[in-house]
Amino acid sequence: MSPTPEIRKDTVNNSFVILSPTRSKRPSDFKSKSNPNPNPSSQSTTCPFCAGNEHQCAPEIFRSPEHGRWKVRCIENLYPALSRDVNNEGGDFSGSGVVTSGFGFHDVIIETPEHEVKLSSLDKEGVKDVLLAYKKRVAQLCAVDAIRYVQVFKNHGASAGASMSHSHSQILALPVLPTTASTRLDSMKQYHNQTGKCILCDIQTDQLLIDKSTHFISIAPFASTFAFETWIVPCYHSSHFHELDEDKAIDLGGLLKLTLQKLSVQLNDPPYNLMIHTSPVKVTPAESPYTHWYIQIVPQLSTIGGFEMGTGCYINPVFPEDAAKILRVVEVPNK
40 MSPTPEIRKD
50 TVNNSFVILS
60 PTRSKRPSDF
70 KSKSNPNPNP
80 SSQSTTCPFC
90 AGNEHQCAPE
100 IFRSPEHGRW
110 KVRCIENLYP
120 ALSRDVNNEG
130 GDFSGSGVVT
140 SGFGFHDVII
150 ETPEHEVKLS
160 SLDKEGVKDV
170 LLAYKKRVAQ
180 LCAVDAIRYV
190 QVFKNHGASA
200 GASMSHSHSQ
210 ILALPVLPTT
220 ASTRLDSMKQ
230 YHNQTGKCIL
240 CDIQTDQLLI
250 DKSTHFISIA
260 PFASTFAFET
270 WIVPCYHSSH
280 FHELDEDKAI
290 DLGGLLKLTL
300 QKLSVQLNDP
310 PYNLMIHTSP
320 VKVTPAESPY
330 THWYIQIVPQ
340 LSTIGGFEMG
350 TGCYINPVFP
360 EDAAKILRVV
370 EVPNK
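Count the sequence shown with my numbering and you get residues 40 to 374, in order.
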């Protein structure tokens, strides 16, 4: 007999989700049916992200290591959503909203020089190098006076929004604070005012824990918006992702690799979105005790409909306790 549907509240993001397993099959039966490769015909001779084709890319910001064969490159996005070359002017009210210039930064992190290598295929040292590249670029962007928020994200697979099959991530730096970040900040503040604790430091894992490393945990969040949604949360209190040091980066690299491998094995290498939810650039001393960054990974196993778009309340056919139980025991290749 299927569990009774529940409505749960995500107190971190101040949103509701309907957990409705009666609408779908058994949790263990979920598999991706889509091809995650957005352009499988791409070869290393034509892909601009491959080693040797650097001249085809937008300007380079930095590479790691700086000399010799690079492992990770940070470049400008050839088709940026925002422009680093326009003036950041104040917004003007125009009847139905506010208009401001499209100032900001839109960069790409190329995670490997090899075309067929995925982020989950790198060893934990390789994943660490990618994380430290994120850290370096985020820190650079946070030093720009006009920037208020920086979003690191990775789209893996065409249906997840990736236009290139070569493994890469993107970073967008905004002169405004996005609504979701503002809502999250308000929710964290409210929890701290009520309990005196940081909501993510106080998170209850119980049946939701998937794996644990020295400094991080992976969990199925209590009010998962999507089937098999996974969070990686620092066990130590930290407001900003770019506070990550090298020791914690290699620890995180190992857990992130394991998490992506488990999702790939269990769900047939699904398209996914990975997002690093950090705090606004400028966190005051009063805000520091309740702001805490984390990583969200969302496998793309279904599409959203009018109800979700109309209400902001999503229907998830897999209870997070079931997803966590399944992912805990998934065996991954030793590589």
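Every residue, glycine too, gets a C-beta built ideally from N, C-alpha and C.
query, result
"Pair within 8 angstroms by beta-carbon distance, Ala6 and Leu170", "Residue coverage of the chain in this structure runs from 40 to 374, which leaves residue 6 outside it and unanswerable."
"Meets three-Cβ-pair contact criterion under 8 angstroms: the stretch 298 to 318 and the stretch 331 to 345", "yes"
"DSSP-derived helix/strand/coil call for Asn373", "coil"
"The stretch 279 to 288 contacting the stretch 353 to 367, beta-carbon criterion three pairs below 8 angstroms", "no"
"CB of Thr269 within 8 angstroms of CB of Ile249, strictly", "yes"
"Supposed close pair Cys113, Ile148 - CB separation, criterion 8 angstroms", "5 angstroms"
"Closest Cα partner of Asp225 within the set Thr84, Glu326, Gly349 and Lys175", "Glu326"
"Sequence-distant residues of the same chain with beta carbon closer than 8 angstroms to Asp124, five excluded per side", "none"
"Minimum C-alpha distance to Asn116 - residue among Tyr188, His207 and Asp184", "His207"
"Val320 burial status per 10 Å Cβ neighbour count (16 or more: buried)", "buried"
"Three-state secondary structure assigned by DSSP to Leu224", "helix"
"Separation of Phe88 from Leu239, as counted between CA atoms", "36 angstroms"
"Among Lys296, Met348 and Tyr353, nearest to Val371 - alpha-carbon criterion", "Lys296"
"7 angstroms Cβ shell around Asp184 - same chain, five flanking residues per side excluded", "none"
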